[in-house]
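Student:
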Amino acid sequence: MKTEIFTIDGGITLRILAFILTAVMGMASLATAQDLKIGFVQVERLMQNFPEHDDASRTYESELQSWQTQLNEYEQQIGTLQEEFEQRAMLFSPEKKREKQEEILSKRQEAVKFYQDVFAEGGKAEQRQTELWKPIYAKINRAIEILGERETYAMIFNAQGLLYARDSLDVTEQVLEILKAGVDVSTSTAPRR
Numbered sequence: 001m002k003t004e005i006f007t008i009d010g011g012i013t014l015r016i017l018a019f020i021l022t023a024v025m026g027m028a029s030l031a032t033a034q035d036l037k038i039g040f041v042q043v044e045r046l047m048q049n050f051p052e053h054d055d056a057s058r059t060y061e062s063e064l065q066s067w068q069t070q071l072n073e074y075e076q077q078i079g080t081l082q083e084e085f086e087q088r089a090m091l092f093s094p095e096k097k098r099e100k101q102e103e104i105l106s107k108r109q110e111a112v113k114f115y116q117d118v119f120a121e122g123g124k125a126e127q128r129q130t131e132l133w134k135p136i137y138a139k140i141n142r143a144i145e146i147l148g149e150r151e152t153y154a155m156i157f158n159a160q161g162l163l164y165a166r167d168s169l170d171v172t173e174q175v176l177e178i179l180k181a182g183v184d185v186s187t188s189t190a191p192r193r
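Mapping to my numbering: the sequence shown position 39 is 39, numbers consecutive.
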């Protein structure tokens, strides 16, 4: 007894038709895939070899160090006030004690506010880092677009997310050449979707 799930006119089963359609589509996509030009870039290597990144890093580290110094000064001031209070607490009147405790508390609150304003998520440090890195990323993205358009790449990936790729697909050096030649970010095109 012949068991077929579904029969189409002419006696061809749905399974055979599905197999034929899959094979035809597979051959068509294989031919198309062979025409695709694909590459990848090592963004970390681009950043390390792009002079503007070094300048931005130095600027950021300098500003970060300045903020850290300010925070350390707060800690020293709090330590000095606390030590002074502990040494002289017996000599203070209740009113003077309360005044000194409020002064210490106020300085701690200033330090916490400063820390949050600068180092917390969305703080000055993060904002400054974004401000410094944004134009660099824009230039890198534009250089990748230029290479993609010039060399007719269908796709250029970030190597960081790749599990495997042949070295011959690495276009990092070509992107670096474009970056070193200078990139006009104002002519950036919208990403293709």
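Glycine included, C-beta positions come from ideal geometry on N, C-alpha and C. Keep in mind that this is a model prediction, so the values were computed, not measured.
1) Can at least three beta-carbon pairs, one atom from the segment 61-80 and one from the segment 144-156, be found at a separation below 8 Å?
2) Given a cut-off of 7 Å on the beta-carbon distance, is the pair residue 183 and residue 143 in contact?
3) When you compare only the Cα positions, how much space is there between residue 174 and residue 42?
4) Are residue 169 and residue 40 close, meaning C-beta to C-beta below 7 Å?
5) Is residue 77 near residue 107, with beta carbons less than 7 Å apart?
6) Which one or two residues does DSSP pair with residue 158 in a beta bridge?
7) Which whole-angstrom value describes the C-beta separation of residue 130 and residue 46, a residue pair presumed to lie in contact below a C-beta threshold of 8 Å?
8) In the DSSP assignment, the alpha helix (DSSP H) including residue 118 goes from what residue to what residue?
9) Under 6 Å: does the beta carbon of residue 163 sit that close to some heavy atom of the ligand NAP?
Tutor: So, to answer that:
1) no
2) yes
3) 11 Å
4) yes
5) yes
6) 41
7) Rounded, the Cβ-Cβ distance is 18 Å, inconsistent with contact.
8) 94-119
9) In the structure on display, the ligand NAP does not appear, and there are no ligands present to speak of.
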